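Protein chains in written order, with our numbering: chain A, 1 to 321; chain B, 1001 to 1401; chain C, 2001 to 2290. All remarks here apply to the structure that follows.
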Amino acid sequence: MSAISKKISLVVAALAAVLLPFVLEDFRVFQLNLVLIYAIAILGLNILTGYGGQISLGHGAFFAVGAYTSAILISQVGMSTYLTIPIAAVVCLVMGVLMGFPALRLAGHYLALATFALAIATPQLLKYKGIEHWTGGVQGIILDKPTPPFGFTLFGNELSEDRWLYLVILAIALGLFWLAHNLLSGRVGRAIVAIRDQPTAAAALGINLTFVKTATFGLSAAYTGIAGALSALAVAYIAPDSFPAFLSISLLVGVVVGGLGSISGAIFGALFIQFVPNVADQISKSAPWAVYGGMLLALAYVAPDGVMGILKKIKNRRQAQ
Amino acid sequence: MKKINHIKALVAVVALASASFGLNAQPYDPGATDKEIKIGNTNPYSGAFSAYGSYGKAQAAYFKKINDEGGINGRKINFISTDDGFSPPKTLENARKLVEQEKVLFFFATLGTAPNTAIHKYMNQKKVPQLFVQTGASKWGDPKNYPWTMGWQPNYISEGKVFAQAILDNQPKGKIALLYQNDDSGKDLLLGLEQGLGARKDMLVARETYEGTDPTVDSQIVKLKASGADIFIHGSGPKFAAQSMKKIAELGWKPTQYVWQVSSSIGAVLTPAGIDNTVGLITSAFSKDPSDPQWKNDKAILEYEAWFKKYLPGADPTDSFYIQGYMNAQTIEQVLKQAGNNLTRENIMKQAASINDFRLPLLLPGVNVQTSATDFYPIERMQLARFDGKAWVLFGKTYGD
Amino acid sequence: MDSFVLQVTAGLANGGIYAAVGLALVMIHQATHHINFAQGEMATFSTFIAWAMIQAGVPYWIAFVVTMVVSFVAGLLIQRIFLKPVEKAPILTNVIVFVGLLVIFNAFAGWIFEHTIKSFPSPFPVEGMFLPKYFSGHQIGSISVTLVVLLSVFCFFRFTPLGLAMRAAAFNPESARLVGIRVSWMLALGWGMAALIGAVAGMMIAPIVFLDPNMMAGILLYGFAAALLGGIDNPWGAVVGGVILGVLENILGAYVIGSDLKLTMALVLIVTILIFRPYGLFGKPIFSRV
Chain A
1 MSAISKKISL VVAALAAVLL PFVLEDFRVF QLNLVLIYAI AILGLNILTG YGGQISLGHG
61 AFFAVGAYTS AILISQVGMS TYLTIPIAAV VCLVMGVLMG FPALRLAGHY LALATFALAI
121 ATPQLLKYKG IEHWTGGVQG IILDKPTPPF GFTLFGNELS EDRWLYLVIL AIALGLFWLA
181 HNLLSGRVGR AIVAIRDQPT AAAALGINLT FVKTATFGLS AAYTGIAGAL SALAVAYIAP
241 DSFPAFLSIS LLVGVVVGGL GSISGAIFGA LFIQFVPNVA DQISKSAPWA VYGGMLLALA
301 YVAPDGVMGI LKKIKNRRQA Q
Chain B
1001 MKKINHIKAL VAVVALASAS FGLNAQPYDP GATDKEIKIG NTNPYSGAFS AYGSYGKAQA
1061 AYFKKINDEG GINGRKINFI STDDGFSPPK TLENARKLVE QEKVLFFFAT LGTAPNTAIH
1121 KYMNQKKVPQ LFVQTGASKW GDPKNYPWTM GWQPNYISEG KVFAQAILDN QPKGKIALLY
1181 QNDDSGKDLL LGLEQGLGAR KDMLVARETY EGTDPTVDSQ IVKLKASGAD IFIHGSGPKF
1241 AAQSMKKIAE LGWKPTQYVW QVSSSIGAVL TPAGIDNTVG LITSAFSKDP SDPQWKNDKA
1301 ILEYEAWFKK YLPGADPTDS FYIQGYMNAQ TIEQVLKQAG NNLTRENIMK QAASINDFRL
1361 PLLLPGVNVQ TSATDFYPIE RMQLARFDGK AWVLFGKTYG D
Chain C
2001 MDSFVLQVTA GLANGGIYAA VGLALVMIHQ ATHHINFAQG EMATFSTFIA WAMIQAGVPY
2061 WIAFVVTMVV SFVAGLLIQR IFLKPVEKAP ILTNVIVFVG LLVIFNAFAG WIFEHTIKSF
2121 PSPFPVEGMF LPKYFSGHQI GSISVTLVVL LSVFCFFRFT PLGLAMRAAA FNPESARLVG
2181 IRVSWMLALG WGMAALIGAV AGMMIAPIVF LDPNMMAGIL LYGFAAALLG GIDNPWGAVV
2241 GGVILGVLEN ILGAYVIGSD LKLTMALVLI VTILIFRPYG LFGKPIFSRV
């Protein structure tokens, strides 16, 4: 593909993305918002697990912290909605870095185990009486959806709260994806991957393992935290039950489906975890998760590099011809 | 001759015109047609709270029975129930899909406080009835601020107050210990208890909570016993109530025990706990327990059991969620019958707020369903009952209005 | 004082539960060096099978043995069918498979057996045979069963050639193959035995906590904590770890931190052990070479 046609297709894609909410009904836009949010969260997890090789089964905790940070700041402190997002990012960044330190000493399954424990304990932690005053305890926190700053109509659909939020989330998502792409295809990315594949050798080559690994954890947490904060706005309500252990598992599934170590794969992963449960629900009321789990297994065997891996194979085959 | 032809033509044109303008006398909102009423619902069919999915299953089975018998006013019920796994974001997504895409007429018996909270504002903004919410939390009866939302069962604050009243009447010098679920339902019970005790709040000497993931509550029971209380209130879910009753007996502790209606099923709770351990237990009841031998030949119970056999084969009859789901479905049936052919959302809400002394056959004799424009609590009455080893024997007055 | 003793004995009884689950986890880890996240759900499913048999009228101990056998075979098959293809794959892929199995077992249990809580019978007398004031018959019985399982596992790994072969296969598959050990089958055997132990654990636990598809959700975490505390390669450690955990949880819950942070306590314990002493109280440190 020549450089110019690539640029044109990018512009077209961007335009399509911006116009998309106006040809869809409100509730579809809401679902798209969730897809974008999950994509950001999955990208965050991918940075840690796909690139960094550190398995986390507990990323739901960062999602929750991001959501609660934003919600508490809005409802208790009265802060402007949009300002809470970078703050949530910073809070999660710090939390991720702090967690990165003990994670340094845990390999493979042990880290998976520790983070699994975190995922299971998260709802209980959120209900804790001691912080109930801030978190609203079991009742959770109800928010108002941010209102669009101006109104207009396009293709017969007005700029509703959902569509406005879509544009905000889209902008943030594009920025985060661009940032991840730049970081990970440069020296930072190579350092992270080197540590994943040959840690002792990487250390011997002068890479500061502690710094890179904890920073990776922090960055990963920040991304997922931003996604969490955005989810609080999109749903306008959070409660401890919004962050069950299954959320962490879903995020991991999203990473696997999209493809480990793939940035753009996050979108596929997000589409999967958003829509597949709905589809599975229609196949069988009692066992949507069985279908979910079955797909998990199928992907693990058939397509370990996820959707992006499949696409790459197709592309390679085409180029070889 | 020509004049008559003109008049005939005029009449024909007018008739055609009025027909083409759909001079249909039926006022319908989306979800209602001549043949069908679409109802939306979510339940946790998967995840940690999947035990509550029994409510939705019972309701679906009840609507099936109604449809088999011809529907309501000639219309079949299309009950669209989706799984939200008790996750509020999913509940909202499902609700939006059902309202905006499936275009249901109204929402019925959505389960769980957090899930319902997630859609509370949305439903009222969209002016879609959120009826007979399947939770005992007290906040659903607020017609001034949320005119489109209504609860159904007696809420737990009322139950707490009833217990407090009974204790003040019978054991004014007693000391109370409470084990309650660490969620809004349990907290509502505690709140009602405290409100009912009023100045004598100090009678509540010990309280403990537990999590659904705790394997046992033995530790909590031991701690509560150490408080020296002589009255024990079970505000815990069925499994933990059974464990508690067993442990209390094992410890040789003999307090007066109250159990809230959630965990009062003879088959599901008292039997696993050990019948000998549960004689003397007091509960507040508003409906008949099918595992209670005193209702063995009761017409409503027999009807229920026949329905159960036919429409829920293989299901566990001791699960009290089924009968509650069934009763809730009967209540909405009444509302739809009252609405007749006027199936606008506004009328549905109006009918729901005008249930006048409706005696559901499975309700206890003194209890009714009653609503008004200012009273959004359909079932408020309950009566105390004591377990005599075989059945829940009703005693005392009927509380509530 | 009496209350304190009661807390401790209640903790011992709970500890027996955690120990039983911990033993299954130790078994899998010794045989495969993997942590089986699906262990809890597999145990629950086995318990449901036993329940179904008992409901159909099968006498308890026959149902018990049949369940053990069925679980053994199932565990073996699961390893052959689901884990063999990813034996050489990165750890993450294996973790994905475990999680997939967890989800599937949980979903099938709910689908086939419904979500209502069921009571599961106990084969032991109601009154404790020993210190009846503090222990019920079932608690004594299940602790005894756990000890029997523990002894069997320990003797198996220590004294039998097969046990040695299994440990070798997990430790160094290449070398083990060179001495003629069929590594793949050792792994399958390990899975079978772990599934068997898990089934026993489930059947001992169900009478206490009642049977439903989510029975093991919280207990699994405590089982992990118990196994880690004692040393994930040490069956004795799992039992001691379970007991310590049970008592600690009750004492802390009753006197220090309150009962609503128990899972958090397990979490903190797991993380602390993994960081400061990953081989547990009784394990040996493992060093890796570049």
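Cβ coordinates follow ideal geometry from the N, Cα and C atoms, glycine included. Since the model is a prediction, treat every value here as computed from it, not as a measurement.
Asked, Found
"Of the residues B:Leu1189, B:Leu1281 and B:Asp1029, which one's Cα is nearest the Cα of Pro1255 (chain B)?", "B:Leu1281"
"Could you have a look at Glu1303 (chain B) and say whether DSSP puts it in helix, strand or coil?", "helix"
"On the three-state DSSP scale, how would you describe Asp1298 (chain B)?", "coil"
"List, in chain order, every chain A residue whose beta-carbon is nearer than 7 angstroms to that of Thr2264 (chain C).", "Ala121, Gln124 and Leu125"
"Would you say Ser2122 (chain C) faces chain B, with C-beta separation under 8 angstroms as the test?", "no"
"Take every Cβ of the region 1209–1224 of chain B, pair it with every Cβ of the region 2255–2268 of chain C, and state whether three or more of those distances are shorter than 8 angstroms.", "yes"
"Rounded to a whole number of angstroms, what is the C-alpha to C-alpha distance between Ala2019 (chain C) and Ala2217 (chain C)?", "16 angstroms"
"Going straight from the alpha carbon of Val2290 (chain C) to that of Ala203 (chain A), what length do you get?", "Caution applies to Val2290 (chain C), whose pLDDT of 40 falls short of 50 and renders its modelled position unreliable; the model cannot decide the point."
"Mind checking Thr1091 (chain B): buried by the 16 CB within 10 Å criterion, or exposed?", "buried"
"Determine, for Ile2143 (chain C), whether the minimum Cβ-Cβ distance to residues of chain B falls below 8 angstroms.", "no"
"Determine the extent of the beta strand (DSSP E) in which His1234 (chain B) is found, giving its start and end residues.", "Ile1231 to Gly1235"
"For Tyr1326 (chain B), would you say it is in contact with chain F, using Cβ-to-Cβ distances shorter than 8 angstroms as the test?", "Among the protein chains in the structure shown, which are A, B and C, there is no chain F."
"Should the region 1191–1206 of chain B be regarded as contacting the region 1253–1271 of chain B, the criterion being three or more beta carbon pairs within less than 8 angstroms?", "no"
"Per DSSP, what are the beta-bridge partners of Lys1076 (chain B) in this structure?", "B:Glu1036"
"By DSSP, does Ile314 (chain A) sit in helix, in strand, or in coil?", "helix"
"Looking at the secondary structure, which residues open and close the beta strand (DSSP E) in which Ser1284 (chain B) lies?", "Ile1282 to Ala1285"
"Could you give the distance in angstroms between the alpha-carbon of Ala245 (chain A) and the alpha-carbon of Thr115 (chain A)?", "10 angstroms"
"According to DSSP, is Ala1385 (chain B) helix, strand or coil?", "strand"
"At which residue ranges does the region 2041–2083 of chain C contain complete alpha helix (DSSP H) runs of 4 or more residues, listed in the order of the chain?", "2060–2078"
"How would you call Met2001 (chain C), buried or exposed, if buried means at least 16 neighbouring beta carbons within 10 angstroms?", "exposed"
"So Trp1392 (chain B) is in the beta strand (DSSP E); what residue range does that whole segment cover?", "Trp1392 to Tyr1399"
"What's the gap between the Cα of Ile2244 (chain C) and the Cα of Gly2223 (chain C)?", "12 angstroms"
"Roughly how many angstroms lie between the CA atoms of Lys1097 (chain B) and Asn1041 (chain B), to the nearest whole one?", "11 angstroms"
"Does any CB atom of chain C fall closer than 8 angstroms to the CB of Thr333 (chain A)?", "Any property of residue 333 (chain A) remains undetermined from this structure, which presents chain A solely from 1 to 321."
"When burial is assigned at 16 or more other CB atoms within 10 Å of the CB, is His2321 (chain C) buried or exposed?", "Here chain C covers residues 2001 to 2290 and nothing more, so residue 2321 (chain C) does not appear."
"From this set, B:Leu1193, B:Asp1316, B:Asp1184 and B:Ser1046, which residue's C-alpha is nearest Val138 (chain A)'s C-alpha?", "B:Asp1184"
"Look at the Cβ atom of Glu2174 (chain C), then the Cβ atom of Leu2102 (chain C), and state whether they are nearer than 8 angstroms.", "no"
"Would you mind telling me which residues of chain C sit closer than 7 angstroms to Glu1250 (chain B), beta carbon to beta carbon, in chain order?", "Ser2136"
"Name, please, each residue of chain A whose Cβ falls closer than 8 angstroms to the Cβ of Arg1096 (chain B).", "Asp26, Phe27 and Phe30"
"Note down, in chain order, every chain B residue with its Cβ under 9 angstroms from the Cβ of Tyr237 (chain A).", "Pro1088, Pro1089, Leu1092, Ala1114, Thr1117, Ala1118, Ile1119, His1120 and Lys1121"
"Which word fits Gln2055 (chain C), buried or exposed, when buried means at least 16 other C-beta atoms lie within 10 angstroms of its C-beta?", "exposed"
"Which residues bound the beta strand (DSSP E) around Asn279 (chain A)?", "Note on residue identity: the sequence assigns Val, not Asn, to residue 279 (chain A). Looking at the DSSP string, Val279 (chain A) is not in any beta strand (DSSP E); the run it does join, the alpha helix (DSSP H), is Gly265 to Ile283."
"Does the beta carbon of Ser2046 (chain C) come closer than 8 angstroms to any beta carbon on chain B?", "no"
"Mind listing the chain A neighbours of Val2086 (chain C)? Cutoff is C-beta to C-beta under 9 angstroms, in chain order.", "Ala300, Tyr301 and Pro304"
"Going by other Cβ atoms of all chains shown within 10 Å of its Cβ, with 16 needed for buried, is Lys129 (chain A) buried or exposed?", "exposed"
"With a threshold of 16 other CB atoms inside 10 Å of the CB of Leu2255 (chain C), please say whether the residue is buried or exposed.", "Sequence inspection shows Tyr at residue 2255 (chain C); the Leu mentioned does not correspond to that position. Counting Cβ neighbours within 10 Å, Tyr2255 (chain C) comes out exposed, since fewer than 16 surround it."
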